[in-house]
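Numbering (UniProt numbering), first residue to last: 1 to 223.
For reference, the structure discussed in these notes is given below.
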């Protein structure tokens, strides 16, 4: 079974539909009608997770008996200069974008090891290069990159593959929010299609067992 966090919207819901024909799915999110409807549509198992409370993951995951792949797709962003962002923003951003994936991985790792499965971290090009105004988000994504690199080295002897995908700006509700924070208009055609990112993630999951795609950067191609 393949577990996707942040499954109810953006890249997550597109990825779920991409994988549904060939993967049994566990769709994780904050709960609500969108998650319920998607699980019903795809005959998937829902998993309610509050990523701001990683201590709750052990209890939430107790019902899971089999997990082959984990796609850490959920995330949050609040733009702002270091001089103006309070510690609450940094704490929440790091909790959701870094601590939650680390803890969920720890909790699920025995199941993934048993399946010799894969873990995919949906990062961002902000995890490769930091820009002004993106401090807390970029820091969380740089840390997520380090987590993936360490996990890849540690889990290779257990047959677990670890991939990081670095999409550039993608046409999602999160990108709409970012553009609002930047005080700019949103044009979906100017960004990557979420389906293109989803197809890339699926390609990494479905790669032959003797191959691991360690780091994949996804940028818009020629129009």
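Even for Gly, the Cβ is constructed at its ideal location relative to N, Cα and C.
Residue 166 versus residue 215 - alpha carbon distance: 8 angstroms
Residue of 200, 69, 155 minimising C-alpha distance to residue 115: 69
Reference residue 48, options 62, 97, 31, 58, closest by Cα: 31
Residue of 194, 64, 101, 51 minimising C-alpha distance to residue 120: 101
Pairwise C-alpha distance: residue 59 and residue 18: 29 angstroms
Residues that residue 244 bridges to, as DSSP identifies them: Absent from the model: residue 244. The displayed extent of the chain is 1 to 223, so no value can be given.
Beta-bridge partners of residue 112, as assigned by DSSP: Its beta-bridge partners do not exist; DSSP assigns none.
Residue 26 vs residue 67 beta-carbon contact at 8 angstroms: yes
Residue 92: first and last residue of the uninterrupted alpha helix (DSSP H) it sits in: 87-94
Meets three-Cβ-pair contact criterion under 8 angstroms: the segment 84-93 and the segment 176-183: no
CB of residue 163 within 8 angstroms of CB of residue 194, strictly: no
Among 222, 99, 160, nearest to residue 210 - alpha-carbon criterion: 160
Range of the contiguous alpha helix (DSSP H) that encloses residue 145: 135-155
Closest Cα partner of residue 80 within the set 139, 1, 106: 139
Residue burial classification, residue 148 (beta-carbon count within 10 angstroms, cutoff 16): buried
Backbone secondary structure at residue 222 - three-state DSSP: coil
Supposed contact pair residue 201 and residue 122 - C-beta distance, whole angstroms, cut 8 angstroms: 7 angstroms
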